[in-house]
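> This is the structure I want to talk about, given as structure tokens.
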Amino acid sequence: MRLLHNGFPFPFLVALLITGCVSAAEAQRSTYIIHMDKSHMPKAFTAPHHWYSSAVDSIKTVTPATSDSGRPARVLYTYDSAVHGFSAVLSEDEMETMKKLPGFLSAYGDRQVTVDTTHTFEFLSLNSATGLWPASDYGKDVIVGVLDSGVWPESKSYHDEGMSAVPSKWKGTCEAGQEFNSSLCNLKLIGARYFNKGVIAANPNITISMNSARDIDGHGTHTSSTAAGNYVAEASYFGYATGTARGVAPKARLAIYKVLWEEGRYASDVLAGIDAAVSDGVDVLSISMGFGQNTPLYEDPIAIASFGAMEKGVLVSTSAGNRGYQIGRLHNGNPWVVTVAAGSVDRWFSGTLTLGNGLTITGWSMLPARAIVKNVELYYNETMSPCDSAETLATLNFGPLILICENKQQLPVSNLMGSLSAFSTQSVQAAIFASDWPVVDDYYFESNDFPFPGVVISSKDMKSVIEYAKLGFTSTASISFQETTVGTTRTTRAPAVSSYTSRGPSRAYPGILKPDVMAPGTLVLASWTPVSSATSLRGMSLASDFNIISGTSMACPHVAGVAALLKGVHPTWSPAAIRSAMMTTANPLDNTLSPIRDNGYNLAVATPISMGAGQIDPNKALDPGLVYDATPQDYANILCSVNFTASQIMTITRSNGYNCSNPSSDLNYPSFIALYNEEAGVLIHKFERTVTNVGYGGGTYKANVTVPEGATVTVSPKTLVFGKTYDKQSYSLTIKYRSSNLITFGSIVWVEEKGKHTVRSPIVVAQRVEISP
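Counted the way mature numbering (1 follows the signal peptide of the UniProt record, and there is no 0) counts, the sequence shown spans residues -24 to -1, 1 to 749.
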């Protein structure tokens, strides 16, 4: 006989508990998931499975299933790794009996699982079992301020279910205005303010279309819900990316500062917004905007105000800009913010083409409709293209048809689709487009624009379609839409640097390698305002509560969300330390463990000029081992080293408490860039760095250097020994190189001996370029 730890026979105890409950067998059984405290397992059992099975068997012995045919009480799974407990088929009364077992923690009915949207949190390996999410309690009570076009407060992303009281440190307000009552704020959306005096001053006779913090553009709602939106079930973009949406830090608070207006976007309003946010008590700021790569630091409102934010311990996440692959077009390159580039995600939106001969081809499609294209005749003209000629389209007065757009001229798909959508005809029901991405259409596959029914396939697959269409009989095809694929496939190798993301180095301060890191920015799903067009279909604007859009504006709030999570775990870390943790743990490899590629350069290996240290890895940033810290005085020292006047420096620092007795252009930064002029010859550049041990206890680290092509790199010392947590050690890194026409790069990785930490910093050697406005 098996005994419990208190000496009672286990089956006997269960029988006592269920006496009088025989009617439970007559109830409908369901599957329950039951969590148990494993420490309560009686010593008589050798494994949890025996314990759980014994409990269920005892119920079956006393209350045999007599009416619930095919559904006896039974254990389905035993969980003993990430979870302790089991799932079982039980009636409601049997489940109530289970709740009386020693060690019972909780239970709930089984439910259907859905694919998670935004999906980017999953792509970044954030999970509820281990790592940064549970360690930070999902960013609980960290306040994220978002400067943007406002907020749509009725969006479900801002519901406050499960949120505790607002932190006492919060000093902000919910400002009433046009169609915005202060009661629209809650425990999630704790603040909303708007600033448009600059807009009005520049346009005295203007009428502000929405004079409040309400967002009628959509951009602000999208960025804020990406950073810290709450859970929203059954979210999707017209049937794509269906699932549960959430922000990176779903338990963080949101404070919204509307500074972008349809009527104008002025620096005075941006400055006012940042100033108010810092005064209100935000912990992190997300700023998805910029003022151009040629704006000097002392005239850049984001650079100026973010210096003050940094002084107060506020980390500022900024977007790199969307000016494409030419180097030096990046904005927000100031040294005291995080500058974020945009990358792709391992998600593919598709339609399936099925030919009449049974061949199926999966291609790209984001048609925003559940269209029916079934057994429609294919139309192919070998001598002329009907897809880019209105005159040819006018001759197609029979149908319905699916046009085959062979695209011999390798035109952008947007041109072909635009031509079709502009020339509406009942004859053409859909089209099949050929495009070899990213050689052609690097932009199109990073956009949700799909205004005409159809599917985009490769030139190779198009040959099979044409061969079938030329067989000499009536050929037909069907197309299904609203399909989403996630994972590593030929089309979802990710991340890759997005073609639109702005490249460094920073014009404002080229001595610091920018961008800092890359985050998901392409085709990110998040909340949207229902009064702003999400997309169009055959010339008609369509509204949606969620939208999938691309840009460094979408990458920036991902980093803000991760920073909020890190702030929740490490509240005393400076903004520089948090930035360092994200940079030195960033991943330069994609999901095939190959170097990240660049969509803007036909999938060539991406350089740090495009992606910084690599894709952020939140869970690794939780415990980076070493950090490169910096104080406000350190930043002041680099301002003193450039050709700024005392007044210009004071514009940024706002205090004469900083001195210029030790000017230095070498900031203690987690990356290295050496720039040369075209005819410079052999150069030597020496960097000095200090790292702080934030790991548990002491440790020994050794340098592992990947040398940029054409250079030599010397590190001294090559070994750093830390006796305890918060110990500091310094080293020098010297680059000797000859000028060339290449951007070459490598890295230094400090590897912990007999430990888990690797601390990586990119090294870049590049030609200094003059950048036109």
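We treat Cβ as the ideally placed atom computed from N, Cα and C, and that holds for glycine.
1) Starting from alanine 679, trace the beta strand (DSSP E) both ways and give me its first and last residue.
2) Does the beta-carbon of proline 584 have 16 or more other beta-carbons within 10 angstroms, so that it is buried, or is it exposed?
3) Rounded to the nearest angstrom, what separates histidine 198 and glycine 430 at their Cα positions?
4) Is the CB-CB distance between proline 491 and alanine 243 below 8 Å?
5) Give the secondary structure of cysteine 161 by DSSP, where H, G and I count as helix, E and B as strand, and everything else as coil.
6) Is leucine 343 helix, strand or coil when you go by DSSP?
7) I'd like the list of long-range same chain contacts for aspartate 191, defined as Cβ closer than 6 Å, with 5 residues on each side in sequence excluded.
8) Do serine 298 and alanine 279 have their CB atoms nearer than 8 Å?
9) Under a Cβ-count criterion, where at least 16 other Cβ atoms within 10 Å of its own Cβ denotes burial, should glutamate 729 be classed as buried or exposed?
10) Which residues in the same chain have their Cβ closer than 8 Å to the Cβ of residue 764, if we skip the five residues on either side of it in sequence?
11) Whole-angstrom Cβ separation of cysteine 363 and leucine 392, contact assumed at under 8 Å?
12) Determine the DSSP secondary structure at leucine 335, reduced to helix, strand or coil.
13) Of the choices Lys132, Lys145 and Asp136, whose alpha-carbon is the least far from that of isoleucine 119?
14) Is it right to say phenylalanine 449 is buried, meaning 16 or more other beta carbons lie within 10 angstroms of its own, or is it exposed?
15) DSSP puts leucine 379 in a beta bridge; with which residues?
16) On the DSSP bridge assignment, give the partners of tryptophan 237 in chain order.
17) Kindly confirm or deny that the stretch 508 to 519 and the stretch 180 to 190 touch, where touching means at least three C-beta pairs closer than 8 Å.
18) Tell me glycine 219's beta-bridge partners as DSSP assigns them.
19) CA-CA distance, threonine 96 and glycine 480?
20) Indicate whether methionine 587 and alanine 317 have their beta-carbon atoms separated by less than 8 Å.
21) Find out if the Cβ-Cβ distance for the pair glutamine 624, tyrosine 134 is shorter than 8 Å.
22) In whole angstroms, what is the alpha-carbon distance linking threonine 734 and methionine 17?
23) Exposed or buried, proline 639, counting other C-beta atoms within 10 Å across all chains shown (16 or more means buried)?
24) Could you give the first and the last residue of the continuous beta strand (DSSP E) run that contains leucine 542?
25) Please list the segments of the alpha helix (DSSP H) lying wholly inside the stretch 439 to 489, counting only runs of 4 or more residues, in order along the chain.
26) Glycine 153 to aspartate 566, Cα distance in whole Å?
27) Leaving out five residues on either side along the sequence, give the residues of the same chain with a beta carbon under 8 Å from the beta carbon of alanine 252.
28) Select from Gly633, Leu643 and Ile739 the residue whose C-alpha is nearest the C-alpha of valine 683.
29) Where tyrosine 677 and arginine 555 are concerned, what is the direct C-alpha to C-alpha distance, given to the nearest angstrom?
30) Using the Cα positions of valine 670 and proline 564, report the straight-line distance between them to the nearest angstrom.
31) Aspartate 437: which of Asn383, Trp237 and Val473 sits nearest, CA to CA?
32) Buried or exposed for aspartate 245, please, with buried defined as at least 16 other CB atoms from any protein chain shown within 10 angstroms of its CB.
33) Is it the case that the Cβ atoms of alanine 64 and leucine 52 are separated by a distance below 8 Å?
34) Helix, strand or coil: which one does DSSP assign to threonine 96?
35) Use the C-beta contact count for asparagine 157: other C-beta atoms within 10 angstroms, 16 or more gives buried, fewer gives exposed.
36) Counting only the same chain and skipping the five closest in sequence on each side, list residues whose C-beta sits under 8 Å from that of serine 201.
According to the structure data:
1) DSSP places alanine 679 in the uninterrupted beta strand (DSSP E) bounded by 675 to 682.
2) When all chains shown are included, proline 584 counts as buried.
3) Spanning the two alpha carbons is a distance of roughly 27 Å.
4) Annotated as distal: proline 491 and alanine 243, with beta-carbon spacing of 8 Å or more.
5) The answer is coil: DSSP assigns cysteine 161 none of H, G, I, E or B.
6) Leucine 343: coil per DSSP, three-state reduction.
7) Excluding residues up to 5 positions away in sequence, Ser125, Gly126, Val127, Trp128, Thr197 and Thr505 lie with their Cβ nearer than 6 Å to the Cβ of aspartate 191 in the same chain.
8) The amino acid at residue 298 is misidentified as serine; the sequence shows asparagine. The criterion of a C-beta distance shorter than 8 Å is not satisfied by asparagine 298 and alanine 279.
9) Exposed.
10) For residue 764 there is no data in the structure shown, the boundaries of the chain being -24 and 749.
11) Confirmed, Cβ separation roughly 5 Å.
12) Three-state result, leucine 335: coil.
13) Looking at the Cα atoms, Lys145 is the closest of the given residues.
14) If you draw a 10 Å sphere on the C-beta of phenylalanine 449, you find fewer than 16 other C-beta atoms in it, and that means exposed.
15) Under DSSP, leucine 379 shares a beta bridge with Tyr355 and Ala407.
16) Note: tryptophan 237 sits in a beta bridge opposite Gly240.
17) Output reads no: the stretch 180 to 190 does not touch the stretch 508 to 519.
18) The partner list for glycine 219 (beta bridge, DSSP) reads Ala211.
19) Here the alpha carbon of threonine 96 sits roughly 24 Å from the alpha carbon of glycine 480.
20) Using a Cβ distance threshold of 8 Å, methionine 587 and alanine 317 count as a contacting pair.
21) Cβ atoms of glutamine 624 and tyrosine 134: not closer than 8 Å.
22) Rounded to whole angstroms, threonine 734 to methionine 17 spans 40 Å at the Cα level.
23) Taking every protein chain shown into account, the CB of proline 639 has fewer than 16 other CB atoms within 10 angstroms, so this residue is exposed.
24) No beta strand (DSSP E) contains leucine 542, which is instead part of the alpha helix (DSSP H) from 528 to 545.
25) Listed in chain order, there is nothing to give.
26) Pairing glycine 153 with aspartate 566, the inter-Cα distance amounts to about 46 Å.
27) Gly148, Arg169, Phe171 and Tyr233, listed in sequence order.
28) Nearest C-alpha to valine 683 among Gly633, Leu643 and Ile739: Ile739.
29) Roughly 21 Å between the two C-alpha positions.
30) Cα to Cα, the separation comes out at about 23 Å.
31) Closest in C-alpha terms to aspartate 437, from the list Asn383, Trp237 and Val473, comes Asn383.
32) Under this definition aspartate 245 is a buried residue.
33) Against a cut-off of 8 Å, the Cβ pair of leucine 52 and alanine 64 comes out as a contact.
34) Look at threonine 96 here: in three-state DSSP terms it is helix.
35) The residue in question, asparagine 157, is exposed, as its Cβ has fewer than 16 Cβ neighbours within 10 Å.
36) Closer than 8 Å at Cβ, skipping near neighbours: Ser131, Ser133, Tyr134, Ala221, Gly223, Ala502 and Ser503.
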